[in-house]
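**Student:**
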Amino acid sequence: MLTYLIFALPGLVLALWAQYKVKSTFAKYAQVPTQRGVNGVQAAQWIMDHTNVHVRVDRIQGELTDHYDPRGKVIRLSESSVQNSVASVAVVAHELGHAEQDAQDYAPLKMRGAIVPAVSVSGGIAPMVFMVGAFLNFGPLMLIGALLFSLTTIFALVTLPVEFNASARALRTLESSQLLTAQEMVGAKKVLNAAALTYVAAALQSILILLYYLSASRNNN
Numbered sequence: 004m005l006t007y008l009i010f011a012l013p014g015l016v017l018a019l020w021a022q023y024k025v026k027s028t029f030a031k032y033a034q035v036p037t038q039r040g041v042n043g044v045q046a047a048q049w050i051m052d053h054t055n056v057h058v059r060v061d062r063i064q065g066e067l068t069d070h071y072d073p074r075g076k077v078i079r080l081s082e083s084s085v086q087n088s089v090a091s092v093a094v095v096a097h098e099l100g101h102a103e104q105d106a107q108d109y110a111p112l113k114m115r116g117a118i119v120p121a122v123s124v125s126g127g128i129a130p131m132v133f134m135v136g137a138f139l140n141f142g143p144l145m146l147i148g149a150l151l152f153s154l155t156t157i158f159a160l161v162t163l164p165v166e167f168n169a170s171a172r173a174l175r176t177l178e179s180s181q182l183l184t185a186q187e188m189v190g191a192k193k194v195l196n197a198a199a200l201t202y203v204a205a206a207l208q209s210i211l212i213l214l215y216y217l218s219a220s221r222n223n224n
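Using the working numbering, the letters of the sequence shown map in sequence onto residues 4 to 224.
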């Protein structure tokens, strides 16, 4: 148990900090209206007109549950991202950055999409396989659990360039389309940087857990 905490605690601390940072930063800039007075849906249309990437825009329940669905070619905006604010415009631009990636066949996005089915299965059974191996004191089974979990780690690592690139595209588009003022751009960058930290934390957590699995498997053998 102590060994597990040594591996897992740094990632957990960073994840908690990242969640606090993204929520507090979004909350701050959700209170800052844009000078153009556009809400999230209007911002999406503005950006699509300037990027020539057109997808459907739907609403979704929740807060910060926004995402782009490449299968349906649709971005889904949460209740927190349809208001007139710097934060909502930044989030909308980020999701449209994913749409632009999809339109241009951005390799990391395609790679991430390709491994989603495998990760959906392995992510659920890997811990169980590992724990059964540990309970039986059978190192090879523990190693199989670790290898299954490695797909989750690969997914987390591939997600990093996808998310960073989407944010970079978002900022370039917001600047070139002049949807936000220079001062508002500062806030948009802070919102997107805070969001990026959550993906870094997720990748670190996954790497550390994988290292624990591999270390425990080796020690058992």
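Every residue, glycine too, gets a C-beta built ideally from N, C-alpha and C.
1. Is Q38 buried or exposed, if buried means 16 or more other CB atoms sit within 10 Å of its CB?
2. Spell out a yes or no on whether the stretch 10-20 and the stretch 62-72 are touching, meaning 3 or more CB-CB pairs, one atom from each, closer than 8 Å.
3. Mind checking E178: buried by the 16 CB within 10 Å criterion, or exposed?
4. Is the distance from the Cβ of V77 to the Cβ of D61 below 8 Å?
5. In terms of DSSP beta bridges, what is H70 paired with?
6. Under 7 Å Cβ to Cβ from Y202, same chain only, skipping five residues before and after it: list those, please.
7. With a threshold of 16 other CB atoms inside 10 Å of the CB of Y23, please say whether the residue is buried or exposed.
8. If you draw a straight line from the C-alpha of A191 to the C-alpha of G40, how long is it?
9. From L99 to L139, what distance separates their C-alpha atoms?
10. Opposite I63 in the DSSP bridges: which residues?
11. Can you tell me whether DSSP reads G14 as helix, strand or coil?
12. Measuring CA to CA, which of G116, Q104, R115 is closest to A171?
13. Flag this pair as yes or no: are the beta carbons of L211 and P13 separated by less than 8 Å?
**Tutor:** In short:
1. Residue 38 sits at position 35 when you count from the first residue of the sequence shown. It is exposed - the Cβ of Q38 has fewer than 16 other Cβ atoms within 10 Å.
2. no
3. Residue mapping note: residue 178 aligns to position 175 of the sequence shown, counting from 1. Exposed.
4. Within the sequence shown, residue 77 is the residue found at index 74, counting from 1. Within the sequence shown, residue 61 is the residue found at index 58, counting from 1. Closer than 8 Å, so yes.
5. Mapped onto the sequence shown, residue 70 falls at position 67. H70 is bridged to R79.
6. Counting from 1 along the sequence shown, the entry for residue 202 is found at position 199. Excluding positions up to five away in sequence, the list reads T162, L163, E166.
7. Position 20 of the sequence shown holds residue 23. The residue in question, Y23, is exposed, as its Cβ has fewer than 16 Cβ neighbours within 10 Å.
8. The sequence position of residue 191 within the sequence shown is 188, counting from 1. The sequence position of residue 40 within the sequence shown is 37, counting from 1. Taking the straight line joining both Cα atoms gives about 15 Å.
9. Here residue 99 corresponds to residue number 96 of the sequence shown, with the count starting at 1. Here residue 139 corresponds to residue number 136 of the sequence shown, with the count starting at 1. Cα-Cα distance, rounded: 49 Å.
10. Working through the sequence shown from its first residue, we reach residue 63 at position 60. Bridge partners of I63: S81.
11. In the sequence shown, residue 14 corresponds to position 11, counting from 1. DSSP places G14 in helix when its eight states are reduced to three.
12. Looking up residue 171 in the sequence shown gives position 168. When only C-alpha atoms are compared, the closest one is Q104.
13. Position 208 of the sequence shown, counted from the start, is the residue given in the question as residue 211. Position 10 of the sequence shown, counted from the start, is the residue given in the question as residue 13. Yes, the Cβ-Cβ distance between L211 and P13 is below 8 Å.
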